[in-house]
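Top to bottom, those sequences are chains A and B. Sequential numbering from 219 applies to the first sequence in the working numbering. Sequential numbering from 219 applies to the second sequence in the working numbering. What follows is one structure encoded as structure tokens, with my remarks underneath.
Protein chains: 2
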Amino acid sequence: MTKQELIKQLASINDTKLVMVVLDGVGDIPLEGKTPLQAANTPNLDALARFSELGQAIPVKPGVTPGSGPGHLGLFGYDPLQYEIGRGILEALGGDVDVGAKDMVARGNFATIDNGMITDRRAGRPSTDESAKVVEKLNRSISKIEDVEVSLFPGKEHRFVLKLTGEGLDERITDTDPQKEGKAPLECRALVPEAEMTARIVNKFLSQLADCLSDEAQMSYALLRGFSKYPDIPQFSDLFKMKAAAIAVYPMYRGLAKLVGMSVVETGQTIEDEIDTLSTVWHDFDFFFLHVKKTDSYGEDGNFDAKVKIIEEFDRALPKIKRLKPDVILVTADHSTPVPMKAHSWHPVPLMLHSKFVRVADHKVFNEFECARGMIGTIHSTDQIPLMMANALRLEKFGA
Amino acid sequence: MTKQELIKQLASINDTKLVMVVLDGVGDIPLEGKTPLQAANTPNLDALARFSELGQAIPVKPGVTPGSGPGHLGLFGYDPLQYEIGRGILEALGGDVDVGAKDMVARGNFATIDNGMITDRRAGRPSTDESAKVVEKLNRSISKIEDVEVSLFPGKEHRFVLKLTGEGLDERITDTDPQKEGKAPLECRALVPEAEMTARIVNKFLSQLADCLSDEAQMSYALLRGFSKYPDIPQFSDLFKMKAAAIAVYPMYRGLAKLVGMSVVETGQTIEDEIDTLSTVWHDFDFFFLHVKKTDSYGEDGNFDAKVKIIEEFDRALPKIKRLKPDVILVTADHSTPVPMKAHSWHPVPLMLHSKFVRVADHKVFNEFECARGMIGTIHSTDQIPLMMANALRLEKFGA
Chain A
219 MTKQELIKQL
229 ASINDTKLVM
239 VVLDGVGDIP
249 LEGKTPLQAA
259 NTPNLDALAR
269 FSELGQAIPV
279 KPGVTPGSGP
289 GHLGLFGYDP
299 LQYEIGRGIL
309 EALGGDVDVG
319 AKDMVARGNF
329 ATIDNGMITD
339 RRAGRPSTDE
349 SAKVVEKLNR
359 SISKIEDVEV
369 SLFPGKEHRF
379 VLKLTGEGLD
389 ERITDTDPQK
399 EGKAPLECRA
409 LVPEAEMTAR
419 IVNKFLSQLA
429 DCLSDEAQMS
439 YALLRGFSKY
449 PDIPQFSDLF
459 KMKAAAIAVY
469 PMYRGLAKLV
479 GMSVVETGQT
489 IEDEIDTLST
499 VWHDFDFFFL
509 HVKKTDSYGE
519 DGNFDAKVKI
529 IEEFDRALPK
539 IKRLKPDVIL
549 VTADHSTPVP
559 MKAHSWHPVP
569 LMLHSKFVRV
579 ADHKVFNEFE
589 CARGMIGTIH
599 STDQIPLMMA
609 NALRLEKFGA
Chain B
219 MTKQELIKQL
229 ASINDTKLVM
239 VVLDGVGDIP
249 LEGKTPLQAA
259 NTPNLDALAR
269 FSELGQAIPV
279 KPGVTPGSGP
289 GHLGLFGYDP
299 LQYEIGRGIL
309 EALGGDVDVG
319 AKDMVARGNF
329 ATIDNGMITD
339 RRAGRPSTDE
349 SAKVVEKLNR
359 SISKIEDVEV
369 SLFPGKEHRF
379 VLKLTGEGLD
389 ERITDTDPQK
399 EGKAPLECRA
409 LVPEAEMTAR
419 IVNKFLSQLA
429 DCLSDEAQMS
439 YALLRGFSKY
449 PDIPQFSDLF
459 KMKAAAIAVY
469 PMYRGLAKLV
479 GMSVVETGQT
489 IEDEIDTLST
499 VWHDFDFFFL
509 HVKKTDSYGE
519 DGNFDAKVKI
529 IEEFDRALPK
539 IKRLKPDVIL
549 VTADHSTPVP
559 MKAHSWHPVP
569 LMLHSKFVRV
579 ADHKVFNEFE
589 CARGMIGTIH
599 STDQIPLMMA
609 NALRLEKFGA
């Protein structure tokens, strides 16, 4: 029996409320002696630490740096090595493209083709507006191939998402991007006989696209990669018997939450907006995923002061969450994004679990170092939902 | 996907240098209040601890005491429960016997036989010299059986290594040691049809050996066990994309390193010699396994003061390693060998990881207790190479 099967078997229903706050990329390494969590003035997080268990979580495996997909799947209780989310799906989720069970998506790049050779894999990096116009033109010209509906969605600059909708689509086909300039684009090939129809449709699409774009100077062709169907992933409510709401500003995280079956609710742009949304939908759900993006963005920018300020902004908003009297609050992250590295990293993430059943220790602050010596120890990301459920008395005893 | 498959998929190449120092058996339990690591005067290890992440590693599973084989396989990034190394191979490696893909080896004991019954399983414990002479006599008398080459290598006292070389050898055969005196030696039997040739050769060998030794008073027969072929194990350079050098004095560790495909370089007898070798080959490799044996030997002897002195000897040599400016230094052990137990033990091993990306905490010393409350937490031995690679920026991000 896997861990997930065990939790599914033990999950039970009551009327408790659980809040998982994800401070995206909040974990850091010290710059001039302090991490942003240490440098920030966080009276409310620190006050919560006094009545919480602290710990740290490994998102995938020690040493492994997760992307946003694996990072969030782990938080949602899905082993990221068991459930891999294709590049095309992530691109679609990030672009706010609606993807369902009958859809297959791929990441597209506009490219320049000359005499059958790719001369620029990014078509001279068009502006997002220019590229969107070409996407529109293609959508007008190509809408169906055989029995498969075709739609394109604009992305940033040279990027777009291709969505195919129909019966019998199969993602086991090859990319068409040769990955180098001066080469011909690759033909799409089926890796298994069941995918032959899909490969044929993709090749027909590319041929129609070439015709349609023959008068374009630079965006005259497209390269496709990361074909992926909507993943067959067990739904959050089936696994954990909780009705879950996702409150997130950015499409990627809204999409990942939708993927596991959470209800994505409309919200505004600020942390304050998100917490107002939390209050509004408080009576409609059991579990709340509240995503704070900018801790990660400022980590990626290498902006220490801005990362500190966002942590402080969340800290000021925390009492509003507490006023709702959740039974369990978890403050955690999907991965670390250290300011000195300007990138995601492998470092474990700090976490803080508050309920009335925790072993209160002597913690006076919430940061990476305090968490590393906390009562929870070092766990795997996927252990966090079960710990939250246990603290909400939502897990039955295992065995007699 | 297994952890090893994941790391293999993410491994990337750059020009960083990684040093893994294995202080064999250094972990201990306190005797009169202190462990050897606590009692030793180690200014250089302690200085490194100030700029390192500490942690502890479980070699196999909690409570499981590893032999040198599993202990080192774990350090090298191979799950010791997945890759088992036969007793014969370990005996051969420890005896500095060269073993290759076509070889099968076994551990041999000289024994005394009388009227078909084993009267002494150790042949009166002959001296290593006496035993070596009998090995020589056998090598002169038996060199080939059918198409299989036969060679014997002397070991300590009554022990030797039998090596068979040829096509189609199969290790799935039974031991011939009845494990008790007053019994007849067992016939070698094939456990699968494919091993029948091998069993026949072994039985022919034992019959020729009995003829050859019929005039020996005590070393008149031999018992064979642990038949093992050279294991089919993925090579270190394929898995981790690093060119690895092993610097070790004792044959067993040189052999284990060779098994996973490290280049075993010639070195002298002291820690100083080993570090000189490290300097010499510094530009030829990416990864360096530097093995210090005597911490284990003195643990096995129950010699607290000598174990302390070896730790201090390594400490004095540590600045020479640092002067080479490795990107990552890991100081760890294959297992603990507590002085009061005079044996390997199951206790987690202390570890210290230094790079420019570590979360520097408030550590002022390097010992078992400090490591147990370190930022790395308690990990598995096999996680150490991935952590080193992450700190050398040799692992790509997993997923988008």
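No residue lacks a Cβ here, since even glycine has one placed at the ideal position from N, Cα and C.
query                                                                                                                                                                           : result
Whole-angstrom Cβ separation of B:T485 and B:M238, contact assumed at under 8 Å?                                                                                                : The pair is not a contact, with the Cβ atoms about 15 Å apart (cut-off 8 Å).
Tell me, please, whether the CB atom of A:I285 is closer than 8 Å to any CB atom in chain B?                                                                                    : Sequence check: residue 285 of chain A is Gly here, not Ile. It does; some Cβ of chain B falls within 8 Å.
A:I231: buried (16+ other C-beta within 10 angstroms of its C-beta) or exposed?                                                                                                 : exposed
Just how far apart, CA to CA, sit B:T330 and B:D347?                                                                                                                            : 17 Å
Any idea what DSSP makes of B:T498, helix, strand or coil?                                                                                                                      : helix
Determine the closest residue to A:Q222 out of A:G295, A:L266, A:P248 and A:S270, with distance taken between C-alpha atoms.                                                    : A:G295
In its own chain, which residues sit with a C-beta less than 6 Å from the C-beta of A:T234, not counting the 5 before and 5 after it?                                           : D545 and A610
Within its chain, find whatever has a CB closer than 6 Å to the CB of B:K381; leave out the 5 residues flanking it on each side and keep chain order.                           : D321, V323 and S369
Give the interface partners of B:F616 over in chain A, defined as CB-CB distance under 8 Å, in chain order.                                                                     : V278, V282, T283, P284, G285, P288 and P298
Select from A:H509, A:N327, A:D433 and A:A417 the residue whose C-alpha is nearest the C-alpha of A:I528.                                                                       : A:H509
Determine, using beta-carbon pairs with one atom in the stretch 559-577 of chain B and one in the stretch 567-584 of chain A, whether at least three such pairs fall under 8 Å. : no
Between A:E586 and chain B, is there a C-beta pair that is closer than 8 Å?                                                                                                     : yes
If you follow the beta strand (DSSP E) that B:D514 is in, where does it begin and where does it stop?                                                                           : Careful: B:D514 lies outside any beta strand (DSSP E), inside the alpha helix (DSSP H) at K512 to D519.
Kindly indicate which three-state DSSP category B:K447 falls into: helix, strand or coil?                                                                                       : strand
Using CA coordinates, which residue listed in B:M219, B:K226 and B:F584 is at the minimum distance from B:D456?                                                                 : B:K226
Between A:A475 and B:E414, what straight-line distance do the alpha-carbon atoms span, to the nearest angstrom?                                                                 : 59 Å
Would A:L255 and A:D264 be called neighbours here (beta carbons separated by less than 8 Å)?                                                                                    : no
Would you please verify whether the beta carbon of A:A590 is less than 8 Å from any beta carbon of chain B?                                                                     : yes
Helix or strand or just coil, what does DSSP make of A:A463?                                                                                                                    : strand
Around the C-beta of A:K525, are 16 or more other C-beta atoms found within 10 angstroms, so that it is buried, or is it exposed?                                               : buried
Applying the criterion that 16 or more other CB atoms from any shown protein chain within 10 Å of the CB defines a buried residue, is B:R472 buried or exposed?                 : buried
Can you confirm whether A:I303, when its beta carbon is compared against all beta carbons of chain B, has any partner nearer than 8 Å?                                          : yes
Consult DSSP for A:E367 and reduce its assignment to one of helix, strand or coil.                                                                                              : strand
Just to confirm the assignment, what range does the beta strand (DSSP E) spanning A:K538 have?                                                                                  : First-last for A:K538: F522 to R541, but that is the alpha helix (DSSP H), not the beta strand (DSSP E).
Could you confirm whether any beta carbon from chain A is found closer than 8 Å to the beta carbon of B:T596?                                                                   : yes
For the beta strand (DSSP E) containing B:P298, list its first residue and its last residue.                                                                                    : B:P298 -> no beta strand (DSSP E), and no H or E assigned at all.
For B:V482, which three-state DSSP category applies?                                                                                                                            : strand
Out of A:I465, A:L236 and A:A229, which one is the CA nearest neighbour of A:K543?                                                                                              : A:L236
In the DSSP output, what is B:L441 paired with across the bridge?                                                                                                               : B:N327
Below 7 Å between beta carbons is the criterion; list the residues of the stretch 528-554 of chain B that meet it against any residue of chain A, in chain order.               : none
How many whole angstroms separate the CB atoms of A:A229 and A:I597, which I take to be in contact at a CB cut-off of 8 Å?                                                      : Rounded, the Cβ-Cβ distance is 19 Å, inconsistent with contact.
Taking B:D601 as the query, report the chain A residues whose CB atoms sit under 8 Å from its CB, ordered along the chain.                                                      : K279, P280 and G281
Taking the CB atoms as reference points, tell me whether B:D533 and B:T260 lie closer together than 8 Å.                                                                        : yes
If we cut at 8 Å on Cβ distances, does A:M559 have a partner in chain B?                                                                                                        : yes
Report the rounded CA-to-CA distance for B:C406 versus A:L605, giving the unit in angstroms.                                                                                    : 54 Å
On the criterion of 16 or more Cβ atoms from any shown chain inside 10 Å, does B:E302 qualify as buried, or is it exposed?                                                      : exposed
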